[in-house]
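Have a look at the structure below, then the notes.
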Amino acid sequence: MKTIFSYLTKREWTFLGICALFALLSIWTDMSIPDQMGVITTKLQTEGSTISDVTGSGLLMLLYALLGLLGTIITTYFSAKVGAGLATRIRGAIFDKVLDFSMEDMGAFSTSSLITRCTNDIMNVQSVFAAGAVLIFKAPITAIWAFTRIIGKNSMWTAAVGVIFLIVVGFIIGIAMLVRPSLRTVQGLIDETNRVSREHLSGIRVIHAFNAYDYQKNRFEKVNEALTSLSRKIFRRIALFNPFLDTMTNILNVAIYCIGAVIILAASAADRVNLFSEMVTFSSYALLVMTAFVQLLVIYMGLVKSLASIDRISEVLNTEIKIRDGADTKKETAQGTIEFKNVSFRYPNSGDNALSDINISIEKGQTVAFIGATGSGKSTILNLIPRFYDATEGTVLVNGKDVRDYKLNELRNKLGYIPQKSILFSGSIADNIAYGDNGRFQATLTEIRHAAEVGQAKEFIEKKEGGYNARVSEGGKNFSGGQKQRLTISRAIARDPEIYLFDDSFSALDFKTDRILRERLKEVAKGATVVIVAQRIGTIRNADRIFVVDQGRIAGAGTHDELMKDCTIYQEIALSQMTEKEAG
Ligand code: ADP
Ligand code: MG
Numbered sequence: 002m003k004t005i006f007s008y009l010t011k012r013e014w015t016f017l018g019i020c021a022l023f024a025l026l027s028i029w030t031d032m033s034i035p036d037q038m039g040v041i042t043t044k045l046q047t048e049g050s051t052i053s054d055v056t057g058s059g060l061l062m063l064l065y066a067l068l069g070l071l072g073t074i075i076t077t078y079f080s081a082k083v084g085a086g087l088a089t090r091i092r093g094a095i096f097d098k099v100l101d102f103s104m105e106d107m108g109a110f111s112t113s114s115l116i117t118r119c120t121n122d123i124m125n126v127q128s129v130f131a132a133g134a135v136l137i138f139k140a141p142i143t144a145i146w147a148f149t150r151i152i153g154k155n156s157m158w159t160a161a162v163g164v165i166f167l168i169v170v171g172f173i174i175g176i177a178m179l180v181r182p183s184l185r186t187v188q189g190l191i192d193e194t195n196r197v198s199r200e201h202l203s204g205i206r207v208i209h210a211f212n213a214y215d216y217q218k219n220r221f222e223k224v225n226e227a228l229t230s231l232s233r234k235i236f237r238r239i240a241l242f243n244p245f246l247d248t249m250t251n252i253l254n255v256a257i258y259c260i261g262a263v264i265i266l267a268a269s270a271a272d273r274v275n276l277f278s279e280m281v282t283f284s285s286y287a288l289l290v291m292t293a294f295v296q297l298l299v300i301y302m303g304l305v306k307s308l309a310s311i312d313r314i315s316e317v318l319n320t321e322i323k324i325r326d327g328a329d330t331k332k333e334t335a336q337g338t339i340e341f342k343n344v345s346f347r348y349p350n351s352g353d354n355a356l357s358d359i360n361i362s363i364e365k366g367q368t369v370a371f372i373g374a375t376g377s378g379k380s381t382i383l384n385l386i387p388r389f390y391d392a393t394e395g396t397v398l399v400n401g402k403d404v405r406d407y408k409l410n411e412l413r414n415k416l417g418y419i420p421q422k423s424i425l426f427s428g429s430i431a432d433n434i435a436y437g438d439n440g441r442f443q444a445t446l447t448e449i450r451h452a453a454e455v456g457q458a459k460e461f462i463e464k465k466e467g468g469y470n471a472r473v474s475e476g477g478k479n480f481s482g483g484q485k486q487r488l489t490i491s492r493a494i495a496r497d498p499e500i501y502l503f504d505d506s507f508s509a510l511d512f513k514t515d516r517i518l519r520e521r522l523k524e525v526a527k528g529a530t531v532v533i534v535a536q537r538i539g540t541i542r543n544a545d546r547i548f549v550v551d552q553g554r555i556a557g558a559g560t561h562d563e564l565m566k567d568c569t570i571y572q573e574i575a576l577s578q579m580t581e582k583e584a585g
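Take the position in the sequence shown, starting the count at 1, then add 1; the result is the number in the numbering used here.
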């Protein structure tokens, strides 16, 4: 298991070392200033001292202050650098990791949670590093160092410091324990707000159309209110710290001076000057101890907050990826074939099998179709071929080789997958068609045009201003459903795959385009195996082989004519579509 710190580079460890060194420098200067104050106080109390007696110490104090400032600047600079570098690297690591996630891994987190983990949580860690790295070295050392300076000096004073110290520590621990569990909950609530906002943004049309404004608003207000009230609760507690510590510091000061007054009154005249300067030094040190405590507290709170974030980041980074490259030990024994052997499949966190006992075999160059009611398992069958999921039982073979044995990109290089829901990326039309890598070539403009022509997208692309350079906005929002579908089909064609997987990708096309597209595909993709999931009999009636899917099982297989004769489910589907003159 990797920790966050393993993402620090050697250079950054060096920077942290530099931070530590300069933190020591500024501690040393902080410590030396009270000593000089003591010297000045003694001189001032001594009869016959001149101004020149104290200027030396005064200048020395100034020098210490400047050195301390330099030390702080350098430490802050390097710790900010480390924080930013670390954040960049972790963000990159999360991004890479999430790209490798399978559907199942993805489902284990939610999208909104992944977004908060990638932004807000990383910011938390970064800010602790940026602000905390200086203090993490400085505060404890200062506290201990200052403490050793005062501990032997005067038992009464030391006792006063000890008492106040105990009260403060008790207070800090108490509040931190109260606050700590809430901090993780806060991050979870940020996930929630994120989720509701995302849903709101992506569903805006439906929200408007259904006058669901109030409903949506209530949902948002609920999580927002929960987040606000919890944050308020935490901050109300944290807000107690500063006034409390200030009061304690003042009480300590007063106590030292009261005790001092008694001691000095009781002492002989000769000792009084020394005692007085000792008291000034002592109270400065006591103040240092207290300040160091305040800083420790700030770090501690930051740490507690960032620990919750570090946990959440580590959960992502340490996720065991479910679907990984295979050992690649076996050879392919065929080309363009797909075979399902006794395949059953159950979705993660689902009780029922989505597929049971599927046995099918698809030959090279065949056009094969799956038809069946919605929810019967057609998309699920396709999902197993590119390994979006792995079969729960049985084996899926492509080119005679178990899909689990392939290197993932080699398997996917063979496939041209067209999802049921068209997905486009922001960029140009050409970028979208030439998208990805097929391991052989990068599509040129000629190939892009050709793919668009076969995919029946050419006409509308050329009408667009800018043609192939026309912009595709986020999610392809500036295209109609049918246009998006044609672009995603063209994208698969430009890939020139051995096997096409159309997941209900013709549904948004009119009958004529549907037919022309299939005909053109047959001409250009000679030898390619085509797997089509469809709702319309017309789309698949010419297929070499049709599988009828019913409740996760294959309920019939054959050509259109064969199925019309002896598969009742197929007959029913065909009959229901008769009026469309497509069942023929
Ligand atoms: P279709 O034939 O319409 O393409 P699917 O293959 O998408 O049907 O779905 C088959 C069954 O699996 C349905 O009952 C559906 O509810 C279920 N299902 C689909 N996707 C998931 C998922 N990600 N998690 C759990 N169940 C799912
Ligand atoms: Mg489907």
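Note that CB positions come from ideal geometry on N, CA and C, so glycine has one too.
For the alpha helix (DSSP H) that contains residue i, what are its first and last residues?
i, result
"Ser345", "Taken as a continuous stretch (DSSP letters only), Ser345 belongs to no alpha helix (DSSP H), being part of the beta strand (DSSP E) at 339-346."
"Ser284", "270-318"
"Ser506", "Ser506 -> no alpha helix (DSSP H), and no H or E assigned at all."
"Glu454", "446-455"
"Phe96", "52-101"
"Arg220", "214-240"
"Glu13", "11-46"
"Tyr571", "569-577"
"Leu488", "482-495"
Pull up the distance between the alpha-carbon of residue i and that of residue j, whole angstroms please.
i, j, result
"Glu364", "Ile386", "15 Å"
"Arg92", "Glu411", "28 Å"
"Ile137", "Ile300", "7 Å"
"Arg472", "Thr89", "29 Å"
"Glu1", "Gly39", "Since the first residue of the chain shown is 2 and the last is 585, residue 1 is not available in this structure."
"Ala575", "Ile5", "59 Å"
"Ala309", "Ser269", "58 Å"
"Ile311", "Arg196", "21 Å"
"Val455", "Gly337", "21 Å"
"Phe371", "Glu394", "21 Å"
"Glu583", "Arg542", "Because the pLDDT at Glu583 is just 45, under 50, the model does not fix this residue reliably, and the point stays unresolved."
"Tyr258", "Thr292", "19 Å"
"Arg1", "Ser377", "A question about residue 1 goes unanswered here, because the residues of the chain that appear run from 2 up to 585."
"Gln46", "Val274", "6 Å"
"Lys306", "Ser27", "27 Å"
"Gly573", "Arg537", "With the sequence shown as reference, residue 573 is identified as Glu, and Gly is not the correct amino acid for it. Going by the C-alpha atoms only, they are around 12 Å apart."
"Leu231", "Cys119", "22 Å"
"Ala374", "Ser508", "14 Å"
"Gly585", "Ser351", "Caution is warranted here: a pLDDT of 45 is assigned to Gly585, below 50, making its placement in the model unreliable, and the coordinate value is therefore given only provisionally. Between Gly585 and Ser351, the C-alpha separation is close to 39 Å."
"Val281", "Met249", "18 Å"
"Val255", "Leu288", "12 Å"
"Leu564", "Glu475", "43 Å"
Between residue i and residue j, is the Cβ-Cβ spacing less than 7 Å?
i, j, result
"Ile533", "Phe503", "yes"
"Thr320", "Asp36", "no"
"Ser357", "Arg554", "yes"
"Lys82", "Phe16", "yes"
"Ile176", "Arg233", "no"
"Phe148", "Gly72", "no"
"Gly84", "Ala131", "yes"
"Gly303", "Val187", "no"
"Ala535", "Ser491", "no"
"Tyr8", "Leu87", "yes"
"Phe79", "Ile34", "no"
"Gly483", "Leu522", "no"
"Thr30", "Tyr65", "yes"
Would you mind giving the Cβ-Cβ distance between residue i and residue j, rounded to the nearest angstrom? I have them listed as a contact below 8 Å.
i, j, result
"Gly366", "Gly468", "At roughly 34 Å, the Cβ-Cβ gap does not stay under 8 Å, so Gly366 and Gly468 are not in contact."
"Leu488", "Ala458", "5 Å"
"Lys415", "Thr334", "Wrong, their Cβ atoms sit about 14 Å apart, outside the cutoff."
"Asp545", "Thr368", "5 Å"
"Arg313", "Asp515", "Wrong, their Cβ atoms sit about 47 Å apart, outside the cutoff."
"Ala144", "Leu297", "7 Å"
For residue i, report the span of its beta strand (DSSP E) as first-last.
i, result
"Ile359", "356-363"
"Asp551", "546-551"
"Ile533", "530-535"
"Glu200", "From DSSP, Glu200 is part of no beta strand (DSSP E) but of the alpha helix (DSSP H) over 156-203."
"Phe371", "368-373"
"Ile116", "Per DSSP, Ile116 belongs to no beta strand (DSSP E); it is in the alpha helix (DSSP H), 112-117."
Handout entry: Inter-stretch contact (C-beta, 8 Å, three-pair minimum) for the segment 152-171 and the segment 259-275
Key = A contact is defined here as three or more CB-CB pairs under 8 Å, and the segment 152-171 meets this definition with respect to the segment 259-275.
Practice task
Determine, using beta-carbon pairs with one atom in the segment 485-503 and one in the segment 437-451, whether at least three such pairs fall under 8 Å.
Solution key: yes
Practice task
Could you tell me whether the segment 190-208 touches the segment 101-121, using the rule of 3 or more Cβ pairs below 8 Å?
Solution key: yes
Practice task
For the segment 322-329 and the segment 202-214, state whether three or more C-beta atom pairs, one from each stretch, are separated by less than 8 Å.
Solution key: no
Handout entry: Cβ contact check for the segment 165-181 and the segment 241-261: 3 or more pairs under 8 Å
Key = Because the criterion of three Cβ pairs below 8 Å is met, the segment 165-181 and the segment 241-261 touch.
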